[in-house]
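Below is one structure, written out as structure tokens; the observations come after it.
Protein chains in written order, with my numbering: chain A, 1 to 317; chain B, 1001 to 1321.
Shown next as structure tokens:
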């Protein structure tokens, strides 16, 4: 009796789901489709990247679909498998992993579907048509230089790293240290991870403030962590003593720089990268084959002096 | 109802917590300060809220994997309603909410999602692991839909007071967790439903035969777990001044760890709220202490895992004696 209920319930549910998904998948040969594969839609930065790519592709006359890899390379492989069999013209691609994603791009290339990488790099030169990349390392070199100027070359600071298994975490950290480590009077009191997460960063910062109450600055590997660090510093009543530096160009950090709560961030341009990728893909579909293998998109330093020129994730209009 | 005898084995987690605190005090000058201890208490308050609910669920022999996602959704609902109100397009209706209203609606949402879990488990006989695993994705998806993937920030001082304010010399989150602990300890030990929860986990068939309305009790327990996840969501949101769409990811694991370290048996029937609170304390002291000592992030994860194993092994040995 009971198990019959369950069976009925599940079968109705499954049929419903199948019908629901069918109605949204009318394949019409005359419509050109473009796939947007994004590493994770759980982070606003990547949402902006994905949505902008989709929007630009639609403006260019394509039907665009976003695939969320959920930071999982095997999920990404499934998406590529599906895309390859469903007649997409091109893939605008934000990889989950520099090495793990290469095979996916190669499979697409063999199936004759061009791939354009956005923001994150893959470790192979011959498979993607073009890679439009954010220059994390140089961006953090610039941030490091500003950091040294603001601290006058002396003092102690802590660093909040992103996810320790992520390429960009180390690109950013190394860019920063390539400058800052040349100043012997600048001492790093502690280096911990905030996992690119606002809450985690706040909690770690609270603890670090206990161990190192006299620090002068904190360098954060992204803006979510910078906001978390600010919450901790502010709650400890040290907002005017500790300088905070972030990276990304998120909306609330732009506001915080304007208000003097955060000193600086490295502005990345997800919208620029996404639009460029969509336009490249469109030109490829129309027959062009000459593309730069790598197009670096510079990261710009945003400080209180120039913050008026910027808005969230890009320049102010 | 007879008072429970104090058993040495129940004190095991407490001894571990004291030993760890002593070790941290010796290794770092910054651990045993008033500021830092409040820090730890504030940091574990969210885990305590969730874990109290988790303890009840596990005592009935179930599990709730959805708490982290429910936390994110309730936090987002509270923040969204408070900041933007509720706009119903088509009907041209706009409802603004006060802080109190937003909090109440968010908690109702938490209770409702918990009720849904309970319904699937009791009515449709879906195993708790599967039912709440499904809710883990459903509630996360609802959060993404509601926030469109962006954090809801700048909620203002009134809202943030719940997370960052002080009251009579103690941080607000600590007060809230004390209230949650007191009420639930009373509930578990002094009310009939509380004792039923132990009975169901100990032997479900015997409980049914002795006339306990098992399904009703279970449904209620999952609703409490949902409500407590909701309180956790309010705390996280208020502390960050922001409802993050990916808040609470992996919290179910921290919470299960707290319950297990606290000596509650995963097969149900045995354990206590106080044990879980101590378990959450051990995890909190560990998180805080490893950062104070500037232990490498790589090692921190290894150490945390080992501590969980150690706590459970000691507990097992103690109970077998």
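Glycine included, each C-beta is placed from N, C-alpha and C at the ideal position.
At least one CB of chain B lies nearer than 7 Å to the CB of residue 193 (chain A). Among the residues of the segment 1236-1250 of chain B, those with a Cβ less than 9 Å away from any Cβ of chain A are 1236, 1239, 1240, 1241, 1242, 1244, 1245, 1246, 1247, 1248 and 1249, in the order of the chain. Residue pairing for residue 296 (chain A): DSSP places it in a beta bridge opposite A:133. Chain B has no Cβ within less than 7 Å of the Cβ of residue 270 (chain A).
Residues of chain A whose Cβ lies closer than 7 Å to the Cβ of residue 1151 (chain B) are, in chain order, 44. Residue burial is scored here from C-beta neighbours: residue 1039 (chain B) has at least 16 other C-beta atoms within 10 angstroms and is therefore classed as buried. Contact between residue 52 (chain A) and residue 71 (chain A) does not hold, since the beta-carbon distance rounds to 20 Å and is not under 8 Å.
Counting other Cβ atoms within 10 Å of its Cβ, residue 58 (chain A) stays below 16 and is therefore classed as exposed. Residue burial annotation: residue 1098 (chain B) is exposed, with fewer than 16 other C-beta atoms found within 10 angstroms of its C-beta.
Residue B:1095 holds the alpha-carbon nearest to the alpha-carbon of residue 1084 (chain B) among B:1075, B:1074 and B:1095.
With contacts defined by Cβ atoms closer than 7 Å, residue 245 (chain A) and residue 264 (chain A) form a contacting pair. In the DSSP assignment, the residues bridged to residue 267 (chain A) are A:248 and A:300.
The residue among A:208, A:166, A:11 and A:140 with its C-alpha nearest the C-alpha of residue 157 (chain A) is A:208.
The DSSP-derived three-state label of residue 38 (chain A) is strand. Linking residue 1266 (chain B) to residue 1250 (chain B) through their CA atoms gives a straight-line distance of about 18 Å. Following the DSSP letters along the chain, one finds residue 63 (chain A) inside the beta strand (DSSP E) bounded by residues 63-68. The beta-carbon of residue 198 (chain A) is placed less than 7 Å from the nearest beta-carbon of chain B.
With its beta carbon at least 7 Å from every one in chain A, residue 1055 (chain B) lies outside the interface. In the structure shown, residue 120 (chain A) adopts coil according to DSSP, grouped into three states. In the three-state DSSP reduction, residue 315 (chain A) falls in the strand class (E or B). By the criterion of a C-beta distance shorter than 6 Å, residue 1025 (chain B) is surrounded in its chain by 1031 and 1032, once the five residues flanking it on both sides are discounted. About 6 Å separates the CB atoms of residue 1225 (chain B) and residue 1067 (chain B); that is less than 8 Å, so the two are in contact. Excluding five sequence positions before and after residue 1043 (chain B), the CB atoms of its chain that fall closer than 8 Å to its own CB belong to 1284, 1287 and 1288, given in chain order.
Residues of chain B with a Cβ closer than 8 Å to the Cβ of residue 70 (chain A) do not exist, since the nearest Cβ in that chain sits about 10 Å away. Interface criterion met: the Cβ of residue 190 (chain A) is under 7 Å from a Cβ in chain B. A distance below 7 Å between beta-carbons, with the five flanking residues on each side excluded, links residue 128 (chain A) to the following residues of its chain, in chain order: 105, 115, 116, 117 and 122. A straight line joining the alpha-carbon of residue 1177 (chain B) with that of residue 1014 (chain B) spans about 18 Å. DSSP places residue 33 (chain A) within a strand segment (E or B) once states are collapsed to three.
Residue state for residue 1243 (chain B) is assigned as strand, using DSSP reduced to three classes. With a threshold of 7 Å between beta carbons, residue 210 (chain A) makes contact with chain B. Under the Cβ criterion of 7 Å, residue 1297 (chain B) is counted among the residues facing chain A. Proximity of chain B to residue 173 (chain A) at the Cβ level (cut-off 9 Å) is not reached, the minimal Cβ distance being about 12 Å. Contact between the segment 78-87 of chain A and the segment 274-288 of chain A is not established, with fewer than three Cβ pairs separated by less than 8 Å. In its chain, beyond the 5 residues on either side, 39, 69, 71, 72, 73 and 76 have a beta carbon closer than 7 Å to the beta carbon of residue 96 (chain A).
The segment 171-186 of chain A makes contact with the segment 144-160 of chain A; the number of CB pairs closer than 8 Å reaches 3 or more. Beta-bridge partners assigned by DSSP to residue 162 (chain A): none are found.
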